[in-house]
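Notes for the one structure printed next.
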Amino acid sequence: GVVQEVLGRPGEPRVRLEAVLRTRELPVAFPADVSAESSRLPSRVEPQAWAGRRSFIDVPVMTIDGADAKDFDDALSIEPLGGGRFRVGVHIADVSHYVRPGSALDREARLRATSVYLPDRVVPMLPPALSDDLCSLRPEVERLTLSCLIDLDSGGRVLGARFVESVIRSWRRFTYEEAQEILEGRRVAGVPPRVHDALRTMGPLALALTRARLRRGALDFTLPEHKVVVAPDGAPLRVEKRPRLASHRLIEEFMLAANEATARELKAAGAPLLHRIHEDPEPVRLIELARELQKLGIQVPSSIAGAPARALQQVLSRAQGHPLEETINFLCVRSLRQAVYSEKGAIHFGLGSSAYTHFTSPIRRYPDLFNHRAIRALLHGRSGKGRGRPYAQGVDLAGLAVHCSERERLAAEAERQGVDILRAELLRGKVGQTLDALVTKLTPAGLLVALPDSGAVGLVRGSSAGRVGDRVKVRLDRVHEGRGELDFSLLSPARR
41 GVVQEVLGRP GEPRVRLEAV LRTRELPVAF PADVSAESSR LPSRVEPQAW AGRRSFIDVP
101 VMTIDGADAK DFDDALSIEP LGGGRFRVGV HIADVSHYVR PGSALDREAR LRATSVYLPD
161 RVVPMLPPAL SDDLCSLRPE VERLTLSCLI DLDSGGRVLG ARFVESVIRS WRRFTYEEAQ
221 EILEGRRVAG VPPRVHDALR TMGPLALALT RARLRRGALD FTLPEHKVVV APDGAPLRVE
281 KRPRLASHRL IEEFMLAANE ATARELKAAG APLLHRIHED PEPVRLIELA RELQKLGIQV
341 PSSIAGAPAR ALQQVLSRAQ GHPLEETINF LCVRSLRQAV YSEKGAIHFG LGSSAYTHFT
401 SPIRRYPDLF NHRAIRALLH GRSGKGRGRP YAQGVDLAGL AVHCSERERL AAEAERQGVD
461 ILRAELLRGK VGQTLDALVT KLTPAGLLVA LPDSGAVGLV RGSSAGRVGD RVKVRLDRVH
521 EGRGELDFSL LSPARR
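Okay, structure coming up:
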């Protein structure tokens, strides 16, 4: 063998995360032809670029993202239509305007298929000239967008939707925390009155959409998000457990509505698209789930194998406020299949949707970019500007769906292991200490236990003295920082 590159000292967290990417062949640096192509992109959006597009510049458009978000590819607006009806604008960065099929940028985006979000960095699908600039919907600058305009009534019923090529200028960039303040009736400094009123109007509509989804059988999970905060050099500082806010749900609901509208539009036109499907769970997994939940004292409907959506809804409802609510949600999620991309339409079980796809994140997901091209081809065909489906010519759609699903899975694995490695690094100083833990799974090798504060998971080797949901005292024996693995010893008898 030949040494091609030295990544750095193996004890450094940043080097460990670099190894996480390399072992999964997730590329970091962009090839020279891609960098050259991106360097030729314009430095700003000039007025001639949006000729013929619908302008939303005078409409109070806003973005809502995490405080540490690196790219902003979706924005919202709302217009009252009278009679208790509203038009919600979901404005998505028009990546397809810049990344043309067959270009070097397109080939590299397709190869990567997704961005990867590690605690200390983002490995983008597109070069920074696009992901951080031209296609990032930053406030007070013009950006080209593809807009999904959804008409709703106050009960969350979708009355119709249409798509337009557009240009926006975001009036305000909100963090989730700032948006939550306004949704709860408080003022935030520096927010124009029209933006404030628009956000306040969106809140009840998002709740109505949630209720409508639940009525049709969608599942609403409560799962914690643990975020590792890192220093500029990549060293972990702490783990934060972030709450799920109404502002998170607001964004989720409008993005889901836009994704569904995209699937309906393209299916009705018979256009090639990449569907997002989630098949029904396997009955045997649901029966196993019922056994585990009954051990936790959760009553499970006898219909769980035959009518899983309604049965799981009842389980999740009974779990609300339960001391083991997070564990119950985790067990339910674990019993389901993984969602994947497909060239064939099918249901999305978890969302209770008969037609679903991805449209709202073309900066970081290739399927969204592909579907943007499908929408634009449809719009141009109707207007007489274009004809045919050049975006799909020569594309092995089935192969592309498999590739994007595989890359998504690799990215998710890398993201999980990156968090595990940095959490393990933080826990290295607690070797030998006694900690509170929760049993999450029984395995032939022993008990898997989780530390509630950080979400870190480790193994009590060789032990079977416990049940899922038991609270235990454990001693941290070993930390394998390079793999993000923890070894524990059981110190106290299990208790509920």
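Taking our numbering, I'd label the letters of the sequence shown as residues 41 to 536.
Positions of the beta carbon are idealized from the N, C-alpha and C atoms, including for glycine.
On a predicted model such as this, the values are computed, not experimentally measured, just so you know.
Query: Could you tell me if V268 is buried or exposed, where buried requires 16 or more neighbouring beta carbons within 10 angstroms of its beta carbon?; Result: buried
Query: Nearest CA to the CA of V231: which residue from M242, T241, H443 and A219?; Result: A219
Query: From S176 to D408, what does the alpha carbon distance come to, in whole angstroms?; Result: 15 Å
Query: By a C-beta neighbour count over all protein chains shown, 10 Å radius and 16 as the cutoff for buried, is T250 buried or exposed?; Result: buried
Query: Which class does M242 belong to by DSSP, given the choice of helix, strand or coil?; Result: helix
Query: Under the rule that 16 or more other beta-carbon atoms within 10 Å means buried, what is E224, buried or exposed?; Result: exposed
Query: If you pair each beta-carbon of the segment 111–124 with each one of the segment 92–103, do three or more pairs fall below 8 Å?; Result: yes
Query: On the three-state DSSP scale, how would you describe S171?; Result: helix
Query: Nearest-angstrom Cα distance between R147 and H443?; Result: 13 Å
Query: Rounded to whole angstroms, what's the CA-CA distance from P71 to L376? Just pull it up for me.; Result: 38 Å
Query: Let's test the definition: count the other Cβ atoms within 10 Å of the Cβ of T103 and tell me whether it reaches 16, buried, or not, exposed.; Result: buried
Query: Can you tell which of A107, K513, L170 and T480 has the C-alpha that lies nearest to the C-alpha of A133?; Result: L170
Query: What separation, rounded to the nearest whole angstrom, lies between the Cα atoms of L391 and S342?; Result: 22 Å
Query: CA-CA distance, L296 and V130?; Result: 10 Å
Query: For S194, which residues in the same chain have their Cβ closer than 6 Å to its Cβ, ignoring the five residues on either side in sequence?; Result: G124
Query: For a quick check, are the C-beta atoms of C372 and T302 less than 8 Å apart?; Result: no
Query: For G498, count neighbouring C-beta atoms within 10 Å of its own C-beta (all shown protein chains included) and say buried if the count is 16 or more, exposed if not.; Result: buried
Query: Near A451, which residues of its chain fall below 6 Å by C-beta distance, leaving aside the five closest residues on each side in sequence?; Result: T154 and V156
Query: For R150, I'd like the list of residues in its chain whose CB is within less than 7 Å of its CB, leaving aside the five on either flank, ordered along the chain.; Result: Y406
Query: Just the C-alpha distance for L531 and L491, rounded to the nearest angstrom, thanks.; Result: 15 Å
Query: So which of L245, A271 and V479 has the shortest CA-CA distance to V500?; Result: V479
Query: With 16 as the cutoff for other CB atoms within 10 Å, does Q473 come out buried or exposed?; Result: exposed
Query: For R49, count neighbouring Cβ atoms within 10 angstroms of its own Cβ and tell me buried if that reaches 16, exposed if not.; Result: exposed
Query: Could you give the first and the last residue of the continuous alpha helix (DSSP H) run that contains M295?; Result: A286 to A309
Query: Restricting to runs no shorter than 3 residues, where is the beta strand (DSSP E) found entirely within the segment 65–110?; Result: 102–105
Query: Mark A107 as exposed unless 16 or more other C-beta atoms lie within 10 angstroms of its C-beta, in which case mark it buried.; Result: exposed
Query: According to the Cβ coordinates, are A246 and E293 closer than 8 Å?; Result: yes
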